[in-house]
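The block underneath contains the structure these notes are about, expressed in C-alpha cells.
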Amino acid sequence: MKIKGLRWWIIGLIALATIINYIDRSAINIMWPYIYREFGISDADNKSALALITTFFMVAYAIGQTATGKMMDKLGTRFGMTVSIAAWSVSIALHAFARSLTSFSVFRFFLGASEAGNWPGATKSNAEWFPARERGLAGGLYNIGPSLGSMLAPPSPDLWG
189 MKIKGLRWWI
199 IGLIALATII
209 NYIDRSAINI
219 MWPYIYREFG
229 ISDADNKSAL
239 ALITTFFMVA
249 YAIGQTATGK
259 MMDKLGTRFG
269 MTVSIAAWSV
279 SIALHAFARS
289 LTSFSVFRFF
299 LGASEAGNWP
309 GATKSNAEWF
319 PARERGLAGG
329 LYNIGPSLGS
339 MLAPPSPDLW
349 G
C-alpha cells in the first residue's frame with residue numbers, strides 16, 4: 189500500500205517532534221522561578237543553580253549529538269528516532285521525581301543526551317526521504333520546531349491568574 193505524500197507526513201512528524209523537543213527544553217527556564225525553592229535553593233543561589241543545571245544539559249547534549257548520530261547510522265533512522273523520542277519522554281517524566289538539585293541535574297543530563305538525537309535523525313530523514321531539490325524546503329519545515337516550541341512553551345498568562 190502506498191500512502192500519497194508519505195514523505196511530507198514524515199517530515200511533518202519530525203517537525204512536531206522538534207516542537208515538543210523545544211517545549212521540553214524551554215520548560216526549565218519558564219518554570220524555574222516557581223520550583224527552585226522546592227529544592228531548598230535560596231533566592232541568592234537560584235541563578236547559579238540554574239546555570240549548573242543548564243551546563244549538565246548542554247554537556248550531555250554535545251555528547252548526545254555524536255552518540256545519537258552514530259546510533260541513527262547503526263540502527264536506522266526510524267528505530268533511532270523512536271529510541272531517542274522514547275528516551276527523552278522518559279527523561280522529561282523523571283523530572284517530576286526530582287527531589288534535589290543533584291537529581292534534577294541528572295535528569296536534565298539524560299534529557300540533553302536523548303533530545304540531541306532529534307537533529308541527526310531529522311537530518312538523516314531529510315536525506316533519506318527527499319531528493320536533493322526538495323531538501324531545503326523539507327529542512328525548513330522541521331527547522332520551524334525551535335521557534336514554535338520556544339514560542340508555545342510559556343503558559344498562557346490566564347493560567348497563572
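In my numbering, the protein residues as written are 189 to 349. No residue lacks a Cβ here, since even glycine has one placed at the ideal position from N, Cα and C. Model, not experiment: these values are computed from the prediction.
Contact test: residue i Cβ vs the ligand SAM heavy atom, cutoff 6 Å
i: residue 304; result: Ligands displayed in this structure: none; no statement on the ligand SAM is therefore possible.
Given residue i as reference, the closest of the options once Cα atoms are compared
i: residue 295; options: 213, 308, 283, 306; result: 283
i: residue 329; options: 190, 198, 192, 191; result: 198
i: residue 292; options: 273, 244, 222; result: 244
i: residue 335; options: 205, 265, 226; result: 205
i: residue 225; options: 320, 317, 287; result: 287
i: residue 266; options: 310, 253, 343; result: 310
i: residue 252; options: 312, 307, 210, 212; result: 307
Rounded straight-line distance, which links the Cα of residue j to that of residue i
i: residue 215; j: residue 341; result: 6 Å
i: residue 191; j: residue 223; result: 46 Å
i: residue 193; j: residue 202; result: 15 Å
i: residue 256; j: residue 231; result: 37 Å
i: residue 320; j: residue 219; result: 41 Å
i: residue 276; j: residue 221; result: 23 Å
Contacts around residue i, its chain only, beta-carbon distance under 6 Å, and the 5 residues preceding and following it disregarded
i: residue 314; result: 323, 326, 327
i: residue 359; result: Summary: the structure shown does not reach residue 359, with the chain confined to residues 189 through 349, and so no result is reported for it.
i: residue 317; result: 195, 198
i: residue 305; result: 256, 272
Residues of its chain near residue i, where Cβ-Cβ distance is below 8 Å and the 5 sequence neighbours each way are ignored
i: residue 229; result: 237, 289
- Query: Considering only residues of the region 215-283, which uninterrupted alpha helix (DSSP H) runs meet the minimum length of 4 residues and lie entirely inside it, listed in chain order?
  - Reply: 234-263, 265-282
- Do the region 221-236 and the region 293-300 touch if we need at least three Cβ pairs shorter than 8 Å? no
- Item | Validate contact between the region 268-283 and the region 317-337 using beta carbons, cut 8 Å, 3 pairs | no
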